[in-house]
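There are 2 protein chains.
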Amino acid sequence: MINNIQSVGIVQTKFYTIEEKIQFESGVEFGPITVAYETYGTLNENEDNAILVIHALTGDAHAAGYHSENDKKPGWWDDLIGPGKAFDTNKYFVICSNILGGCSGTTGPSAINPQTNRPYGTSFPVFTIEDTVKVMKKLLDFLKIKSLYSVAGGSMGGMQAIQFVISYPDFVKSAILIATTARLSPQAIAFNAVGRNSIISDPNWNNGDYYDKEQKPDRGLSNARMIGHITYLCEEAMYNKFGRRLQNKNHYDFNFDIDFQVESYLQHQGQIFVDRFDANSYLYITKAVDYFDPCDKYGSLTNAFKNSNAKFLVMSFDSDWLFPSCQSKEIVNSLMKLGKDVSYCEIKSPCGHDAFLLEYELQSKIIKSFLNDHIKGDYNEQALC
Amino acid sequence: MINNIQSVGIVQTKFYTIEEKIQFESGVEFGPITVAYETYGTLNENEDNAILVIHALTGDAHAAGYHSENDKKPGWWDDLIGPGKAFDTNKYFVICSNILGGCSGTTGPSAINPQTNRPYGTSFPVFTIEDTVKVMKKLLDFLKIKSLYSVAGGSMGGMQAIQFVISYPDFVKSAILIATTARLSPQAIAFNAVGRNSIISDPNWNNGDYYDKEQKPDRGLSNARMIGHITYLCEEAMYNKFGRRLQNKNHYDFNFDIDFQVESYLQHQGQIFVDRFDANSYLYITKAVDYFDPCDKYGSLTNAFKNSNAKFLVMSFDSDWLFPSCQSKEIVNSLMKLGKDVSYCEIKSPCGHDAFLLEYELQSKIIKSFLNDHIKGDYNEQALC
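Chains as they are written, first to last, in the numbering used here: chain A, 1 to 385; chain B, 1001 to 1385.
Printed below as a string of structure tokens:
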């Protein structure tokens, strides 16, 4: 329901098809690729107010507004995008697209391969964050965007924002990197690996060929999501949300049904996820995330960023143990070594990694200030943190 | 191979059957129960030198020594148990039994139900840590142990040691609680829940009735073990062991095979686990661990411990994030409130929760000193930490 005067209102997802083949980092040439995207606000005459907002692991192009009058839930970053909000659509032209390999409109393993008229499944090529960014750049070219006032993303969205700066250093004036990392820790790789293993172990996965089957790999995907959710919360968030409280009972059941609230929460998260996400997309996207490592690829993060003239805002959350603050600090340090204009803010939050989707108030102020000062060109680091 | 003069040598697992039914905490009466156990050293004339050593989640009764001349691997705590070692078998009579519900000799869901001549499967009653301790006490009665010089355990073994002190306060002279907790955090419950879900989601689990089937729920069990192993290590241990190094390759494979060493390690751990452990046992034992909460059951931990006259040694590891030091401190604080004789040591280690099975040198010294001073009755807290 649209009860928010700061809403961008009713929006619709649009589609653009890149007809020519794109060379992926693996060497494979792949196409055509349809990209699902939404835009909010208007591109100004100078064509210098475009902001690319990039979603996290399981997000989509619907970042703000509502799809219909009866829509109950706005886009995933609606608290930050709209008239007068952090990404102020009175000022900025905000673009968000669904990731390559996704399952919300952009071509991915669940899309129909025009060569076979069947879903790609695992014949879809494995891609990288560099590839996902390449696809986004093609969309921006189509939209006649000559430069980005800013590129912003949280978590995996932040990784893509990093890669965008690296791949197109002259194109990007500023970057907002939230709760992200320049490379996954072995622990984070491990969680992704177990999630993927859970899907691949599900007999209904059927080597990725399940789209016309009655049974889908829902159990494996659901389990992968449950693992993910543990990493998105933190100890404190879990104590606050659930503690050791039982779910609708006063005593243990002495069976294998759900006893604890935290079990019920995770099971619910797993169950609702399978209705909106594709198991193969989960495999491909987590693999791209695991592979992301500009430090290794360019010799060092400093080397990776060296051609950029962007201003940077890096934010992390002190309770985020998936992409802990030290990983944001690694990014900040490499930018400082290069003498780049970088601001860093560690936000105190009890929400863990999920904070980037929850702690709107402070994030809004910081982003707004960063984008404004950035216009004025006298961005004040002290004012933020 | 026995190349260690400090070894207890060749040992064998023995069995004792509790013929009478035991009342479980759920109210169910269950029996007979066969208990697999091993002993090392000799009970002295005064019958006051018995030490009960309790294994962790997937351990067994074989805590020390070798089962044959050609045995390549000694018992799981061989570094600590033997002549001249921390649990000095020249001085102490050490007993270790396989947990109720286990799959290494003690009656569990894989055992044959004498009523049906078929494995119990999920008709096995859900039990608690109080029940596992009750079974151990029956074994000690059979062995004519009148009191325990000490009860010691790491991780879930420590939980059972805690419960032993609570259930039989007059029976226990000292307790050694290592890398353990008086109650699982919601995060730890969550990991267990996802592990169980992984097993239950495996179609080969077949409601727990798989013992005569060709296909067992190996994939689910293996995945559960992989999740477990992530929690047994820590970030630092993972960086040290694996970093982001690739497994037998220099470049990404761009497919869903194993790329990273950490993936390979976890998959290997999962694969070897299914050869030695039963999926139903994993369900039952993790449930008992989740249920363990003397704080809730007795109103407070202080109340739970109030009748004990034991001396306590509590040890935790600073990198253990599964049962972090603050949980050990909770135990220590409640004992101190009661004026009990308690020593606490937080050991610096880069090994995470696994440290209790790895950091032998310091643990040995501390345990040895604790047990010696305990004999002398002038235990010196300062000397330890």
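Every residue, glycine too, gets a C-beta built ideally from N, C-alpha and C.
Problem set entry | Beta-carbon proximity list for T17 of chain A, same chain, < 6 angstroms, skipping 5 on both sides | Counting from one through the first sequence, the residue named residue 17 of chain A turns up at place 17. Cβ neighbours of T17 of chain A beyond the five flanking positions: P32 and T34.
For this session: Output the residue ranges of the alpha helix (DSSP H) runs that lie fully inside the stretch 1175 to 1244 of chain B and measure 4 residues or longer, sorted by chain position.
Result: 1186 to 1201, 1218 to 1232 and 1235 to 1241
Problem set entry | Opening and closing residue of the alpha helix (DSSP H) in which E1130 of chain B lies | Stepping through the second sequence from its first residue, residue 1130 of chain B is reached at position 130. Segment I1129 to F1142, the alpha helix (DSSP H) holding E1130 of chain B.
For this session: Closer than 9 angstroms by beta-carbon distance: list the chain A residues that pair up with F1391 of chain B, in chain order.
Result: With chain B covering only 1001 through 1385, there is no way to say anything about residue 1391 of chain B.
Exercise. If you count every other CB in all the chains shown that lies within 10 Å of the CB of P114 of chain A, and 16 or more means buried, which is it?
Worked result: Within the first sequence, numbered from 1, the residue matching residue 114 of chain A stands at position 114. Classification of P114 of chain A: exposed, given that the 10 Å Cβ count is below 16.
Problem set entry | Endpoints, the alpha helix (DSSP H) within which E1346 of chain B is located | Within the second sequence, numbered from 1, the residue matching residue 1346 of chain B stands at position 346. No alpha helix (DSSP H) holds E1346 of chain B; the beta strand (DSSP E) holding it covers V1342 to I1347.
Exercise. Between E1130 of chain B and the rest of its own chain, which residues show a CB-CB distance below 7 angstroms, the 5 nearest in sequence each way excluded?
Worked result: The sequence position of residue 1130 of chain B within the second sequence is 130, counting from 1. The answer, listed in chain order, is E1025, Q1163 and S1167.
For this session: Just the C-alpha distance for T42 of chain A and K91 of chain A, rounded to the nearest angstrom, thanks.
Result: Here the question's residue 42 of chain A lines up with position 42 in the first sequence. Here the question's residue 91 of chain A lines up with position 91 in the first sequence. Taking the straight line from one Cα to the other gives about 8 angstroms.
Exercise. N1280 of chain B to C103 of chain A, Cα distance in whole Å?
Worked result: Here residue 1280 of chain B refers to the residue found at position 280 of the second sequence. Here residue 103 of chain A refers to the residue found at position 103 of the first sequence. Looking at the two C-alpha atoms, the distance is approximately 36 angstroms.
Problem set entry | Length of the line joining the Cα atoms of T89 of chain A and I81 of chain A | The sequence position of residue 89 of chain A within the first sequence is 89, counting from 1. The sequence position of residue 81 of chain A within the first sequence is 81, counting from 1. Approximately 7 angstroms between the Cα atoms of the pair.
Problem set entry | Interface flag, Y1283 of chain B vs chain A, CB-CB below 8 angstroms | Within the second sequence, numbered from 1, the residue matching residue 1283 of chain B stands at position 283. In the sequence on display, residue 1283 of chain B carries Leu and not Tyr. With 8 angstroms as the cut-off, L1283 of chain B counts as an interface residue toward chain A.
Exercise. So which residues on chain B does P169 of chain A lean against when the C-beta distance must stay under 7 angstroms?
Worked result: The residue given as residue 169 of chain A occupies position 169 in the first sequence. Within 7 angstroms Cβ-Cβ: nothing; P169 of chain A doesn't reach chain B, min ~24 angstroms.
Problem set entry | Separation of H1055 of chain B from I1366 of chain B, as counted between CA atoms | Within the second sequence, the letter at position 366 stands for residue 1366 of chain B. Within the second sequence, the letter at position 55 stands for residue 1055 of chain B. Going from the Cα of I1366 of chain B to the Cα of H1055 of chain B covers about 19 angstroms.
Problem set entry | Length of the line joining the Cα atoms of A1190 of chain B and I272 of chain A | Here residue 1190 of chain B refers to the residue found at position 190 of the second sequence. Here residue 272 of chain A refers to the residue found at position 272 of the first sequence. Each residue's alpha carbon lies about 18 angstroms from the other.
Exercise. Looking only at C-alpha atoms, which of B:K1287, B:T1013, B:D1318 and B:K1134 sits nearest to G1391 of chain B?
Worked result: Outside the shown range of chain B, which is 1001 to 1385, sits residue 1391 of chain B, and nothing can be said about it.
Exercise. How far does the alpha helix (DSSP H) with E1019 of chain B in it reach, from first residue to last?
Worked result: Residue 1019 of chain B sits at position 19 when you count from the first residue of the second sequence. Looking at the DSSP string, E1019 of chain B is not in any alpha helix (DSSP H), and its letter there is neither H nor E.
For this session: Note down, in chain order, each residue of its chain lying with its Cβ closer than 8 angstroms to the Cβ of L1266 of chain B, except the 5 sequence neighbours on either side.
Result: Counting from one through the second sequence, the residue named residue 1266 of chain B turns up at place 266. The residues are M1226, H1229 and I1230.
Problem set entry | CB-CB length for C1295 of chain B against A1182 of chain B, believed under 8 angstroms | As a position in the second sequence, residue 1295 of chain B is number 295, starting the count at 1. As a position in the second sequence, residue 1182 of chain B is number 182, starting the count at 1. 6 angstroms between Cβ atoms; contact.
Exercise. Does the beta carbon of V126 of chain A sit closer than 8 angstroms to a beta carbon anywhere in chain B?
Worked result: Position 126 of the first sequence, counted from the first residue, corresponds to residue 126 of chain A. Closer than 8 angstroms to some Cβ of chain B, the Cβ of V126 of chain A qualifies, so yes.
For this session: On a CA-only basis, which of B:G1121, B:L1052, B:I1010 and B:H1353 is nearest K1072 of chain B? Give me that one, please.
Result: For this step, residue 1072 of chain B is matched to residue 72 along the second sequence. Comparing Cα positions, the closest option is B:I1010.
Exercise. Just checking, does the stretch 1196 to 1203 of chain B make contact with the stretch 198 to 209 of chain A on the three C-beta pairs under 8 angstroms criterion?
Worked result: yes
For this session: With a 10 Å radius around its C-beta and 16 neighbouring C-beta atoms as the bar for buried, classify K1311 of chain B as buried or exposed.
Result: Taking the first residue of the second sequence as position 1, residue 1311 of chain B is located at position 311. Buried, by the Cβ-count rule.
For this session: Step through the CB atoms of chain B and report whether any lies within less than 8 angstroms of the CB of I227 of chain A.
Result: Locating residue 227 of chain A in the first sequence gives position 227, counting from the first residue. Answer yes: the Cβ-Cβ gap between I227 of chain A and chain B drops below 8 angstroms somewhere.
Problem set entry | Contacting positions in the stretch 259 to 279 of chain A - beta carbon closer than 9 angstroms to chain B | D259, F260, Q261, V262, E263, Y265, L266, Q267 and G270
Exercise. Pick from A:L52, A:G121 and A:S7: whose alpha carbon is nearest that of E69 of chain A?
Worked result: For the purposes of this step, residue 69 of chain A is taken as the residue at position 69 of the first sequence. The shortest C-alpha separation from E69 of chain A is found at A:S7.
Exercise. Distance, Cα to Cα, W321 of chain A vs K329 of chain A?
Worked result: The residue given as residue 321 of chain A occupies position 321 in the first sequence. The residue given as residue 329 of chain A occupies position 329 in the first sequence. Computed Cα separation, rounded: 14 angstroms.
Exercise. Got a sec: is the Cβ-Cβ distance from K1287 of chain B to anything in chain A below 8 angstroms?
Worked result: Along the second sequence, one-based indexing puts residue 1287 of chain B at 287. Yes, K1287 of chain B counts as interfacial toward chain A.
For this session: Look up Y360 of chain A in the DSSP assignment and say whether it is helix, strand or coil.
Result: Within the first sequence, residue 360 of chain A is the residue found at index 360, counting from 1. Looking at Y360 of chain A - three-state DSSP - the assignment turns out to be helix.
Problem set entry | 8 angstroms Cβ shell around G243 of chain A - same chain, five flanking residues per side excluded | Indexing the first sequence from 1 puts residue 243 of chain A at position 243. Around G243 of chain A: Q261.
Problem set entry | Inter-residue Cα distance where the pair is G270 of chain A and E263 of chain A | Here the question's residue 270 of chain A lines up with position 270 in the first sequence. Here the question's residue 263 of chain A lines up with position 263 in the first sequence. So the two alpha carbons sit approximately 11 angstroms from each other.
Problem set entry | C-alpha distance - I258 of chain A paired with Q247 of chain A, whole-angstrom precision | Sequence index remark: in the first sequence, residue 258 of chain A carries index 258 (1-based). Sequence index remark: in the first sequence, residue 247 of chain A carries index 247 (1-based). Those two C-alpha atoms are separated by around 7 angstroms.
Exercise. What do you get for G27 of chain A, buried or exposed, if any count of 16 or more other CB atoms within 10 angstroms of its CB means buried?
Worked result: In the first sequence, the residue the question calls residue 27 of chain A occupies position 27. Classification of G27 of chain A: exposed, given that the 10 Å Cβ count is below 16.
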